[in-house]
Amino acid sequence: MNRRQQVEYVTALVGAVLAGTSLALQTAVNGGLSEALGNPVLAAFLSFTVGLLIVSLVALLNGQWRERLIPLLRIARSRTVPWWCWSGGIAGAYFVFAQSASGGTLGVALFTIGVVGGQSIGGLLLDRIGVGPAGGVPVTGLRVAGAATTVCAVGISAISTDTPRPLTWVLLLPVLAGVGVSWQATANGALANTARSVLAAAIVNFAFGWMILAFAAAVSLALGGWPGAWPGGLAYYVGGVFGVVFIAACAALLRVLGALVLGVATVVGQMVASVVIDSVLTEAPTPSMFAIGGVFIAALAAIMVAWPNRRSGA
Numbered sequence: 001m002n003r004r005q006q007v008e009y010v011t012a013l014v015g016a017v018l019a020g021t022s023l024a025l026q027t028a029v030n031g032g033l034s035e036a037l038g039n040p041v042l043a044a045f046l047s048f049t050v051g052l053l054i055v056s057l058v059a060l061l062n063g064q065w066r067e068r069l070i071p072l073l074r075i076a077r078s079r080t081v082p083w084w085c086w087s088g089g090i091a092g093a094y095f096v097f098a099q100s101a102s103g104g105t106l107g108v109a110l111f112t113i114g115v116v117g118g119q120s121i122g123g124l125l126l127d128r129i130g131v132g133p134a135g136g137v138p139v140t141g142l143r144v145a146g147a148a149t150t151v152c153a154v155g156i157s158a159i160s161t162d163t164p165r166p167l168t169w170v171l172l173l174p175v176l177a178g179v180g181v182s183w184q185a186t187a188n189g190a191l192a193n194t195a196r197s198v199l200a201a202a203i204v205n206f207a208f209g210w211m212i213l214a215f216a217a218a219v220s221l222a223l224g225g226w227p228g229a230w231p232g233g234l235a236y237y238v239g240g241v242f243g244v245v246f247i248a249a250c251a252a253l254l255r256v257l258g259a260l261v262l263g264v265a266t267v268v269g270q271m272v273a274s275v276v277i278d279s280v281l282t283e284a285p286t287p288s289m290f291a292i293g294g295v296f297i298a299a300l301a302a303i304m305v306a307w308p309n310r311r312s313g314a
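Quick note on UniProt numbering: the sequence shown kicks off at 1 and runs consecutively.
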């Protein structure tokens with residue numbers, strides 16, 4: 001790995017950490033909106049709508065990206081791209097729903113703990129299979145140890161609050177969402193690589209996810225009726241903004257980092273941000289030293305997972 005590649009790799013690693021912080025912020029926003037509306041499906045739909053509007057507006061204002069959408073449509077009609085490249089929006093829709101359904105109940109830190117476990121498992125499996133533009137990434141003993149260390153960070157952080165232990169099924173929501181995050185990043189990265197446009201992949205992601213959530217929200221409103229009151233603060237509706245940042249960053253960085261390194265780096269960002277958010281911005285109990293220790297262990301895991309890539313020149 002030459003000097004330029006080293007700088008690119010480190011920059012991508014820092015970018016992935018920052019992308020993880022945006023995911024923690026999105027969890028706080030969507031969880032708050034869900035509690036205010038009393039309808040997690042509607043909250044997820046509103047978040048995705050904001051994200052879709054943002055990426056659509058950017059595409060309309062930028063001719064270069066708009067031109068790249070046309071080849072993407074041709075690729076879709078020719079079916080030259082594997083079906084899974086178009087499935088990122090499904091995972092994205094589920095993740096936003098999981099945020100809305102359990103983020104307020106669990107708190108940002110505990111929600112992140114569940115996501116961390118899912119991301120570690122998903123990233124390791126995807127790199128082993130070789131899905132994505134980076135191809136097969138060697139799964140060495142140190143990489144497995146790094147993923148296992150991340151799970152240890154999850155366990156330590158799990159005893160960081162004084163709240164009663166949530167039901168198992170509630171914890172399963174963020175765990176499955178974490179697996180979906182790894183899949184979403186891989187699918188969007190492969191699509192962005194084919195279209196040579198991160199924004200094109202983001203538009204496809206939000207369009208598919210929006211259609212799924214629009215149907216689910218329509219069913220939810222038909223069965224349960226409209227919310228009695230709508231929150232008036234603008235902060236309740238910016239979850240989609242953070243979603244755009246995360247999706248675009250992951251699609252751009254996957255080629256450089258690979259699924260596992262990308263997943264663990266975003267984990268570090270999520271864990272640091274979740275501790276700060278629950279300490280300052282939400283009513284969740286202040287995280288203890290166990291949570292702080294979990295953050296440092298997650299950072300160590302990121303270094304362990306990333307190191308083989310640097311040695312191999314990936």
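Glycine included, each C-beta is placed from N, C-alpha and C at the ideal position.
Taking only three categories from DSSP, how would you classify residue i?
| i | result |
| --- | --- |
| Thr150 | helix |
| Pro40 | helix |
| Asn205 | helix |
| Val10 | helix |
| Ala81 | For the record, residue 81 in the displayed sequence is Val; it is not Ala. Three-state result, Val81: coil. |
| Trp86 | helix |
| Arg3 | helix |
| Pro231 | coil |
| Thr140 | coil |
| Trp183 | helix |
| Arg196 | coil |
| Gly225 | coil |
| Val238 | coil |
| Thr163 | Note that Thr163 scores a pLDDT of 49, beneath 50, so its modelled location is shaky and nothing firm can be said. |
| Pro308 | For Pro308, the predicted structure reports a pLDDT of 49, less than 50, and the residue's modelled location is therefore unreliable. The matter cannot be settled from this model. |
| Pro122 | It should be noted that the sequence gives Gly, not Pro, for residue 122. Three-state DSSP puts Gly122 in a helix. |
| Gly263 | helix |
| Asn62 | coil |
| Gly258 | coil |
Chain B beta carbons: is any one of them nearer than 8 Å to that of residue i?
| i | result |
| --- | --- |
| Cys152 | Here there is only one protein chain, and chain B is not present. |
Contact defined as beta carbons within less than 8 Å: I believe residue i pairs with residue j. What is the distance between those atoms, to the nearest angstrom?
| i | j | result |
| --- | --- | --- |
| Val198 | Ala251 | 5 Å |
| Ser102 | Val170 | 5 Å |
| Ala177 | Ser87 | So it is not a contact: roughly 15 Å between Cβ atoms. |
| Glu35 | Val256 | That pair is no contact at about 38 Å. |
| Val108 | Ile277 | 5 Å |
| Gly31 | Ser100 | 7 Å |
| Leu69 | Ala59 | 7 Å |
| Thr112 | Ser274 | 4 Å |
| Phe97 | Ala44 | 4 Å |
| Gly20 | Ala265 | 7 Å |
| Phe296 | Phe48 | Rounded, the Cβ-Cβ distance is 34 Å, inconsistent with contact. |
| Leu126 | Ser182 | 6 Å |
| Ala195 | Leu72 | 4 Å |
| Leu300 | Thr149 | 6 Å |
| Tyr236 | Leu33 | 5 Å |
| Gly180 | Tyr94 | 5 Å |
| Leu254 | Ala185 | 6 Å |
| Ala249 | Ala16 | 7 Å |
| Gly293 | Ile90 | Their Cβ separation, rounded to whole angstroms, is 35 Å, which puts Gly293 and Ile90 out of contact at 8 Å. |
Q | the segment 110-129 / the segment 40-48 touching (three or more Cβ pairs under 8 Å) | A | Contact fails: fewer than three Cβ-Cβ distances are below 8 Å.
Q | Contact the segment 120-130 vs the segment 47-65: 3+ CB pairs below 8 Å | A | They do not touch, by the three-pair rule.
Q) So does the segment 267-277 actually touch the segment 180-195, counting three or more Cβ pairs closer than 8 Å? A) Flag = no, the segment 267-277 and the segment 180-195 do not touch.
Q) Does the count of Cβ pairs from the segment 203-216 and the segment 7-27 closer than 8 Å reach three? A) The segment 203-216 is not in contact with the segment 7-27.
(Q) With a threshold of 8 Å, are at least 3 pairs of Cβ atoms found where one atom belongs to the segment 44-52 and the other to the segment 200-211? (A) When Cβ pairs closer than 8 Å are counted between the two stretches, the segment 44-52 is seen to touch the segment 200-211, the count reaching three or more.
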